[in-house]
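Remarks on the structure that follows.
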Amino acid sequence: MHIMFFTERAYHAVPEDEVFKRRSFFGVPNKFFDAPTGARLLNEYIDEKIMCDELGFDGLMLNEHHGTPFCMGAVMDVEAAVLARATKRAKIVLLGNPIPTVANPLRMAEELAMIDMISGGRLVPGWVRGAGSEQLANNANPAYNREYFDEAHDLILAAWTKPGPFRWEGKHFHYRFVNPWVLPLQKPHPPIWIPGLISPETVKWCAEHRYPYVALATLLGPTLEMFNMYAKRAADLGYQAGPENFGYLQPVFCADTEEKAEAMGKNFLFGGGFAHFARPEWMFPPGYNSKVATRRLAEQAANPNLPGQITGIMDHDPTDDADLQKLKKQLYDTYPQWLKQSQMITGTPKTIVPKLRHVLEVLRPGIFSFWLDGPSPLKDRQRCVELLGKEVVPALRDIGKELGLEDPFTRKPGSVKISGKAETVGRADLIEASA
Amino acid sequence: MAEKGFTEEKVRVGDTDLQVLKLGTGKPLLVMHGEMGFSGLLKWHTALAAKRTLHIPLHPGFGKTPQASWIMNVRDLGAFYARYIREQKLTPVDVIGFSLGGWLAAEMATANSGQFNKMVLVGAAGLRPPTGEIMDMFTRTARNFLNENVVDYQNTPEFSSLFGGEQTPAQYEEWEEARAETARIAWAPYMFTQSMEHLLANVAGLPTLLVWGKQDPVVPLSVAELYHQRIAGSKLVTFDKCGHMPEIEKSAEFIKEVESFLG
Amino acid sequence: MWFTERAYHHVPEDEVLKRRSFFGVPNTFFDPAKGAVLLNQYLDEKIYTDELGFDGVMLNEHHGTPFCMGAVMDVEAAVLARATKRVKIVLLGNPIPTVANPLRLAEELAMIDMISGGRLVPGWVRGAGSEQLANNSNPAYNREYFDEAHDLIMAAWTRPGPFRWEGKHFHYRFVNPWVLPLQKPHPPIWIPGLISPETVKWCAAHKYPYVALATMLGPTLEMWDMYTTEAARHGYQAGPENFGYLQPIFVHETEEQADALGRNFLFGGGFANFARPEWMFPPGYNSREATRRLASLYSNPNLPGKTLIPQHLHSLKDIAAIKRAVYDNYDSAKESLQIITGTPKTVLPKLRKVLEVLRPGIFSFWLDGPAPREDRMTCLRLLGTEVMPAVREIGKELGLSGPFEVSPGSRPLPSSGRPDRVGSPEALQAL
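Order-wise, the sequence lines are chains R, D and F.
Residues in the first sequence are numbered from 369 upward in steps of one, following our numbering.
Residues in the second sequence are numbered from 2 upward in steps of one, following our numbering.
Residues in the third sequence are numbered from 24 upward in steps of one, following our numbering.
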């Protein structure tokens, strides 16, 4: 099992009420950003990653968002570059670069090639379409998002593997002299993983490319459905998807006492948590969703990341300050539900491990990432990382071995040939058993 | 499902089955709908249909006309419609365009003003506003954008009949499609063509009526004034206490002005 | 400060000579394993530079050429933001017309400034002609892209968001970055140049220091005068803080070893000997004025001698001839101080001459060429421990204030209104 660590690198100093007032992190005016505070936090997050490397985590996962206090990794490749030299062992896992928004994908290919070279071949790049708000922040036409994604992906892979110079004259990207003089160290190209939030199109696309699919803290039931959708498509293509094809990101808060862990867990819901506030105009810019997805949304306001219902919150009048405290309470009150549905795990190393075992038994992922977020004091975060690294990670490794959770480095994704139907992935029955 | 009050036909234009709504009898009037698609029968349709046949094509990708993926800007769309009116022997035709549809008509006129008899532009996009900016529909939900189109959405009867009440799933889909198609052709530069200003001289001689709400929050009045200045002989009519939808907000006055202009 | 191009030296020299160009050599000659070793060595050097007490490390960027592996120099800048402690990280410069999404660049640089604790000095360039081809960035709009991207980045850094930006070439309707530079109102900006009058005037208007990239002393002085005149029009007296100079310099324990290093600088024709017009001047890249200048005179400000580019080149014999011509140029390059070599003791008087002529407030050593790692490190060590302290003394003596000592643009004009000259043509004459 490949075990990683992740955090969004939030700018926690944003006044929470400004987020509540707008029902969104995205769009909070950047006058609330204080650069010295941001710089301190950003370096603390880098310290944390370096500490993970020293503690023996297998991977350091980064993501990217623009124009939001939730994530200062506006260009995560900057952080990846820092880590390429500042760490020694861990894979640098980018989940993922929003390739439809970069406008010059060839520069992205060069950027990543350099990071792979500097890190000594420890880069695991991944691609995303980018959240809806990323399209707005970068003014990338969302109506062509999927087309940009496909074409940028193909172009980057070509730049890495096809001898130059060559011409690339696609629908959206045009180059007549592709001949980069930096190329990835890993051959034929670095391993590629794709993160996802329950988009069937993405899941199938991953299966077709034999790219591991990393579910981002989605509910266990729907996640398993996606894994099985992947396996079904994989079977059509003649291979059995195994743990090496799947990953899972899990909010985990570990401390020396249950109480402290709980306090950290509650902080995860700061400002509504990463998905509670998803204003439709930011999430779904025009044409971002496929027609099928739009139809699905039309029928139900479904949000796979949320244990609770949010309809009432979406209709909240943003100027109505009187309701703000009520709204806040409503959100923090969802906390027990998060724990109940394993959407968040808190505790001491001793109490956490059985809960993690449950998640691993249900999903059987070969890639597992801890997720630590929320405005907790630095020393609590550091203690959490330390406890995870020293006590939880070794226990997880044993569970991984026991459950046969091969990762993409121990078994090549797509290498198990089958003919006929796919074996079911994971243990859906265990979700009900626990509920 | 047929659009209430209209007859519908499919017209083959190249590879595309263009869905066209029709109403009335008499000389044809080409109606170009705006960025939120065609929303339904209004008083002005009925009034003009007394003497005219309204031809209301649903732009490719909007509603019932399938998307034509090669159409990637408003000029592409204009060239598509040039073919349509030529093949349908409508040329030269009277045209009325609303907002994005007004921009479309203006583009067609700059390319070949001879394809039109008379042109009416209502709150037309297409030019970079000399002052102010074109409201960003893409950072608003469809419903909020529509509400902001008019000066008083709660007290504009025809507006409420079209857009009021709970949003239905069908409406959600229709508006999302409209937004997506508009993004495909008008994302950046947003809602204008930089060269249009220089090409409007080509439109000289084409009788043109510009109809604007003085308080248009979507396409500011400065755009109307620039059209007026660049299209020699054009007539500009503005309505006070009126936003981006004079056809709804000032229905009676609108009908009068358009009828008298088209003759 | 200190600079190197981060070349991939394992490219066969004949492949370069055959094509009369580094740009365009197929990347099938690139071995990432060797490239990775070199790239990390260059980073080691930069970190060593920091330890030696240099004030700045300078980076540049080129695409699609073995001459420079800094295809995205911001990657290296990010590494150095954490791996160094004291030095300024000087980017000369980001080719903003080619990045396509300048807002992302604004965020990228903001993060680097934050991580480095406010040590970033960003700079902008139009990008060499070949950069436009490598990135397929329309050269005919190069200057417009440059101006607009520059203005957009500055606005993103200094104007409260969210705001709309609807320019000619760049369109954003929600500019509201949540990473911003640590340095306020924005990091200091320096601009490198190769004798383009338009750029010089633009720098003077913006009070941006202009760093001449190893250009000949005479033409460089002319640029200084042009800057100074333009600065006066904007109401200020230019001083050393407005000027920088990049100087190839090779120091070793003995003259012979230093000479060997210096000769290596001409590997593959050196960085400017081979500039094929189709790569250097893509359509519309030059202003009309520049094109006219070129039409009347094929001038290359970096070349001490005449152009070495033959019209046709077919045989191996030609390659041998061209190689000879390139390396024969070495002595004249030294004579005109375009290349300085020697021991710490012997290079100092030569450096003093350069400083006396140009009087720059920013000075960068430039080391390049496929020399063994130990020799490069020796050169660096000698520069840091022996040459640099002496250069600092000369700087003090000559009153060469840098932009961190005197804010560029802060000097008042003399009461006559006529600006004082910054460099010294008399010192040039004396050479």
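Note that CB positions come from ideal geometry on N, CA and C, so glycine has one too.
Keep in mind the model is a prediction, meaning the values are calculated, not measured.
Mind checking whether residue i and residue j have CB atoms under 8 angstroms apart?
i	j	result
D/S235	D/P131	no
R/A471	F/N124	yes
F/W201	R/A442	yes
D/P29	D/T66	no
R/W536	R/V550	no
R/V461	R/G427	yes
F/D78	F/K108	no
R/E376	R/I414	no
F/T369	F/E276	no
D/G124	D/F99	yes
R/A583	R/Y543	no
R/R749	R/E416	yes
F/Y168	F/R434	no
R/V753	R/F373	yes
Would you please state the rounded distance, in angstroms, between the beta carbons of residue i and residue j? I believe it to be under 8 angstroms.
i	j	result
D/V259	D/L49	7 angstroms
D/A69	D/P58	Wrong, their Cβ atoms sit about 12 angstroms apart, outside the cutoff.
R/T436	R/F394	5 angstroms
R/L728	R/I786	With 8 angstroms as the limit, R/L728 and R/I786 do not qualify as a contact, their Cβ atoms being about 23 angstroms apart.
R/Y607	R/G794	Not confirmed; about 17 angstroms, so no contact.
F/G291	F/E36	5 angstroms
Measure the alpha-carbon distance for residue i versus residue j and round it to whole angstroms.
i	j	result
F/Q361	R/A407	41 angstroms
F/L405	F/P367	7 angstroms
D/G41	R/A499	33 angstroms
R/L491	D/Q172	45 angstroms
F/P261	F/G384	Position check: residue 261 of chain F holds Ala in this sequence, whereas Pro was assumed. When rounded, the distance between both Cα atoms is 11 angstroms.
R/M429	R/A505	23 angstroms
R/G564	R/D445	19 angstroms
D/P247	D/G27	24 angstroms
R/A526	R/W573	18 angstroms
D/T8	D/Q20	11 angstroms
F/A11	F/V198	Outside the displayed span of chain F (24 to 454) sits residue 11 of chain F, for which this structure offers no information.
F/D174	F/E154	21 angstroms
R/K634	R/K747	17 angstroms
F/R42	F/V48	7 angstroms
R/K825	R/D604	The requested residue 825 of chain R does not occur in the structure, where chain R is confined to residues 369 to 803.
D/A187	D/F193	7 angstroms
F/L454	F/S359	9 angstroms
Any idea which residues DSSP pairs residue i with across the strands?
i	result
D/I57	D/L22
R/Y607	R/K785
D/V94	D/F117
F/V11	Residue 11 of chain F is absent from the structure shown; chain F starts at 24 and stops at 454.
F/T181	F/T181 pairs with nothing; no bridge assigned.
F/E189	F/H194
F/S387	F/L269
D/T17	D/V14
R/K459	R/G427
R/H370	R/I735
F/A235	F/G216 and F/Y268
R/I562	R/Y581
R/T714	R/F621
F/V377	Note: F/V377 sits in no beta bridge, so no partner.
Contact the stretch 224-236 of chain F vs the stretch 200-216 of chain F: 3+ CB pairs below 8 angstroms: Counting C-beta pairs with one atom in each stretch, the stretch 224-236 of chain F and the stretch 200-216 of chain F have three or more that are closer than 8 angstroms, which means they touch.
At least 3 beta-carbon pairs within less than 8 angstroms: the stretch 193-208 of chain F vs the stretch 395-414 of chain R: The stretch 193-208 of chain F and the stretch 395-414 of chain R touch, with no fewer than 3 CB-CB distances between them shorter than 8 angstroms.
Validate contact between the stretch 93-103 of chain F and the stretch 112-131 of chain F using beta carbons, cut 8 angstroms, 3 pairs: With the cut-off at 8 angstroms, the stretch 93-103 of chain F and the stretch 112-131 of chain F touch.
contact_flag[the stretch 54-61 of chain F, the stretch 237-245 of chain D] where n(CB pairs < 8 angstroms) is 3 or more: Judged by Cβ distances under 8 angstroms, the stretch 54-61 of chain F makes no contact with the stretch 237-245 of chain D, as fewer than three pairs qualify.
Contact the stretch 620-630 of chain R vs the stretch 717-733 of chain R: 3+ CB pairs below 8 angstroms: In the pairwise beta carbon analysis, the stretch 620-630 of chain R is classified as touching the stretch 717-733 of chain R: at least three pairs are separated by under 8 angstroms.
Segment contact flag, the stretch 420-438 of chain F with the stretch 237-246 of chain F, C-beta cutoff 8 angstroms, min 3 pairs: Segments in contact, no.
Inter-stretch contact at 8 angstroms, needing at least 3 Cβ pairs: the stretch 3-11 of chain D / the stretch 71-78 of chain D: The answer is no - the stretch 71-78 of chain D does not touch the stretch 3-11 of chain D, with fewer than three Cβ pairs under 8 angstroms.
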